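Below is one structure, written out as C-alpha cells; comments come after it.
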Amino acid sequence: MTTDPIADFLTRIRNAIRAKHRVVEIPASNIKKELTKVLYEKGYIQNYKFDDSTPQGTIKIALKYNPTTKQPAIVDLQRISRPGLRQYRGADSLPRILNGLGVAIISTSKGVMTDKEAKVLNVGGEVLCYVY
C-alpha cells in the first residue's frame with residue numbers, strides 16, 4: 001500500500017523513461033486513468049491500455065521517444081500537491097510551466113484537466129503535477 005498513489009504513478013513513469021523502457025505497467029485507479037488520458041491527449045505518451053482482468057486492474061503505457069534522437073517526450077514529471085501539503089489554486093492564479101511549454105495537471109470539480117483547459121472553463125483546483 002502506497003501513501004501517495006499519484007507520486008508512485010509519476011515515479012514509475014520517470015524510472016521507465018530513465019531506463020529507456022518502451023512500456024510501463026502501473027496498478028490502476030480512477031485518478032491514474034484520468035492522468036493517463038491527459039498525458040495521451042497532450043502527446044506525452046504514445047499509447048495506453050486499461051487492463052481490467054484483475055480486481056484492481058492495470059494501466060499499460062507505451063512511452064514516446066523521438067525516432068531520430070531517441071530523446072523521451074517527457075523531460076520531467078514533478079509532483080506538486082502532496083498528502084502532507086495540498087496545493088490549491090484558483091482559476092486566476094493557475095501556474096504557467098516553462099512559459100507555456102509544459103502543462104500543469106489540475107484536479108477540478110469538472111474533472112482532471114490541464115491548466116489551460118481550467119483557465120478556459122474558469123475553474124481552479126488541486127495542482128497534481130507539472131509535466132514538461
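Residue numbering for the sequence shown follows UniProt numbering, starting at 1 and increasing by one per position. Glycine included, each C-beta is placed from N, C-alpha and C at the ideal position. Since the model is a prediction, treat every value here as computed from it, not as a measurement.
Considering Cα atoms alone, identify which of the options is closest to residue i.
i: A62; options: T69, G102 and G43; result: G43
i: V75; options: M113, G125, Y130 and D8; result: Y130
i: Q46; options: G100, K60 and A7; result: K60
i: Y132; options: I97, D8, R86 and G125; result: I97
i: V38; options: K116, G124 and V123; result: K116
Skipping 5 residues on each side, what residues in its chain have a beta carbon closer than 7 Å to that of residue i?
i: P83; result: T3 and D4
i: L121; result: K110
i: T58; result: E25, I26, P27, A28 and D51
Taking DSSP's pairing of strands, which residues face residue i in a bridge?
i: V123; result: DSSP lists no partner for V123.
i: L63; result: I45
What separation, rounded to the nearest whole angstrom, lies between the Cα atoms of residue i and residue j?
i: A19; j: K64; result: 13 Å
i: N30; j: S107; result: 12 Å
i: R89; j: A118; result: 11 Å
i: V127; j: T114; result: 9 Å
i: R14; j: P95; result: 22 Å
Please classify residue i as buried or exposed, where buried requires at least 16 neighbouring CB atoms within 10 angstroms.
i: S53; result: exposed
i: residue 160; result: Nothing about residue 160 can be reported from this structure: the residues present for the chain run from 1 to 132 only.
i: V103; result: buried
i: V23; result: exposed
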